[in-house]
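Residue numbers (the working numbering): 153 to 414. A virtual CB, placed ideally from N, CA and C, is assigned to each residue, including glycine. Quick notes on the structure that follows.
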Ligand SMILES: [Zn+2]
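If you want it as structure tokens, here you go:
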């Protein structure tokens with residue numbers, strides 16, 4: 153389900169960014185400082201209670217907004233070129249989606265066939281993908297917990313709205329279901345990142361040193377995770393609702409804040 157959208161029932165306003173129009177919405181929260189977050193449908197402006205006017209904030213942050221906007225657009229163009237009209241990436245490989253009578257998952261030919269009107273088939277397909285992802289993460293998390301000498305409680309796969317993964321104080325590791333679309337090395341990288349949090353809570357020097365001991369190219373991996381975040385939004389409506397047969401029929405949703413990781 154959907155990427156976290158702009159709040160409903162909120163007035164949608166617009167600003168000019170990079171020669172186009174960017175929708176935004178304002179919410180008030182108990183925060184000390186104002187914050188901007190890219191969401192699926194535009195920019196979310198979070199203001200401390202009592203702040204009335206966002207225009208000066210937007211003017212001040214225009215450099216950041218247009219830079220982020222350009223990065224997101226570029227990421228979508230780069231990865232979007234790999235996708236065909238009716239395809240679904242699974243661990244980074246594009247499966248052709250065909251309309252069929254019953255559910256067929258054929259990794260050899262990279263074909264998935266199903267009846268998009270049959271919710272039961274869609275549920276089974278989702279369960280199958282979730283199982284594949286769980287098994288992959290189980291391997292990766294086990295591997296990195298041994299490497300880092302830590303123990304984890306359990307792995308949870310959820311439809312997280314704003315993060316690829318997170319790690320709770322009790323040693324539970326949460327991962328975003330949409331990781332199933334990413335190349336395996338990114339899934340393994342993220343597992344490494346989250347397991348490293350079992351030793352180092354924050355994103356301090358010690359944390360990155362730990363991650364770097366496994367992934368010399370961790371910066372590149374973080375960047376790729378950022379790019380894929382926007383890319384997978386194309387597929388978030390596809391499973392499990394099945395209202396459409398392929399991403400071509402999905403309204404593009406170019407904007408969403410990248411997860412900062414936790
Ligand atoms: Zn993190």
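For residue i, the nearest candidate out of the options (CA to CA)
i           : options               : result
residue 336 : 201, 269, 241 and 219 : 241
residue 301 : 349, 329 and 227      : 349
residue 377 : 317, 347 and 365      : 317
residue 344 : 181, 265, 362 and 311 : 362
residue 219 : 259, 174 and 186      : 174
residue 267 : 253, 280, 261 and 259 : 253
residue 305 : 346, 229, 190 and 184 : 346
residue 312 : 332, 297, 229 and 358 : 332
residue 165 : 171, 191, 190 and 195 : 195
residue 384 : 230, 259 and 203      : 230
residue 339 : 309, 212 and 201      : 309
residue 281 : 243, 291 and 292      : 243
residue 183 : 176, 201, 191 and 167 : 201
residue 375 : 356, 341 and 171      : 341
residue 278 : 255, 291 and 226      : 255
residue 206 : 360, 185 and 226      : 185
Inter-residue CB distance, residue i and residue j (contact presumed, cutoff 8 Å)
i           : j           : result
residue 217 : residue 169 : 6 Å
residue 188 : residue 179 : Actually they are not in contact, since the Cβ atoms of residue 188 and residue 179 sit about 11 Å apart, beyond 8 Å.
residue 303 : residue 323 : 6 Å
residue 327 : residue 289 : 6 Å
residue 261 : residue 245 : The Cβ separation is near 11 Å, so there is no contact.
residue 285 : residue 329 : 7 Å
residue 228 : residue 167 : Contact doesn't hold; Cβ gap of about 20 Å is too wide.
DSSP three-state assignment for residue i, whether helix, strand or coil
i           : result
residue 372 : helix
residue 262 : coil
residue 164 : strand
residue 180 : strand
residue 252 : coil
residue 206 : coil
residue 244 : coil
residue 215 : helix
residue 274 : helix
residue 377 : helix
residue 201 : coil
residue 190 : strand
residue 172 : strand
residue 359 : helix
residue 367 : coil
Residue i beta carbon near ligand 1 (any heavy atom closer than 7 Å)
i           : result
residue 345 : yes
residue 238 : no
residue 349 : yes
residue 333 : no
residue 221 : no
residue 330 : no
residue 355 : yes
> What alpha helix (DSSP H) runs, 4 residues minimum, are completely inside the stretch 296-356?
Replying inline: 336-348
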